[in-house]
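Using my numbering, you'd call the opening residue of the sequence shown number 139 and step up by one each time. Where is the CB? At the ideal position from N, CA and C, for every residue including glycine. Quantities reported herein were computed from a predicted structural model and do not represent experimental measurements. Each remark here refers to the structure printed beneath this line.
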Amino acid sequence: MSNNNITVHRRRNAVALFQQYAEEQMRLGAPPKGLEQTFAQRLQVSPSMWSQIKSSRPIGDKLARQIEAACGKDTGWLDDEREPQGLAPSEQQFLELALKAWRSTNADGRKKLKAMLKELMRGAG
């Protein structure tokens with residue numbers, strides 16, 4: 139397997155682990171704010187490092203094994219390509235709400251919805 143494929147697989151799988159973690163924590167009543175930090179603590183990395191891992195930093199072998207151990211996964215789990223898991227229940231609920239809002243408004247309202255989402259994404263980057 140090429141290094142490029144491993145880099146992609148590791149990032150996608152690490153993000154999937156965070157999504158699973160976040161869903162579980164929210165099911166247990168944890169607020170969404172702060173989940174990135176607590177996940178970083180679980181991985182024994184700084185929040186800044188976790189942010190880099192999600193977006194651009196390659197995950198080396200040592201860090202990959204550290205993430206796998208922290209999440210109870212077998213050695214090499216991050217390296218394998220996995221089938222997308224589909225939408226989480228919270229993602230499905232959001233999409234249903236967004237579609238309902240989109241369909242219930244006029245062109246001006248749709249422009250505002252798009253502008254709000256774009257602004258939100260700028261703040262998240």
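Spanning the alpha carbons of Lys-256 and Ser-228 requires a straight line of approximately 20 Å. In terms of Cα proximity to Arg-180, the closest of Pro-169, Ser-193, Ala-207 and Gly-198 is Ala-207. Assignment of Val-183 by DSSP, reduced to helix, strand and coil, places it in the coil class. Secondary structure remark: continuous alpha helix (DSSP H) runs of at least 4 residues inside the stretch 174-258, in chain order: 185-193, 199-208 and 227-241. The beta carbon of Thr-213 sits closer than 7 Å to those of Arg-203 and Glu-206, all from its chain and outside the five residues before and after it, given in chain order.
With a beta-carbon spacing of about 6 Å, Lys-192 and Val-153 fall inside the 8 Å limit used to define contacts. In this structure, Gly-198 is the residue among Lys-252, Glu-162, Arg-241 and Gly-198 with its C-alpha nearest to the C-alpha of Asn-142. The three-state reading of DSSP puts Ala-168 in coil, since its state is none of H, G, I, E or B.
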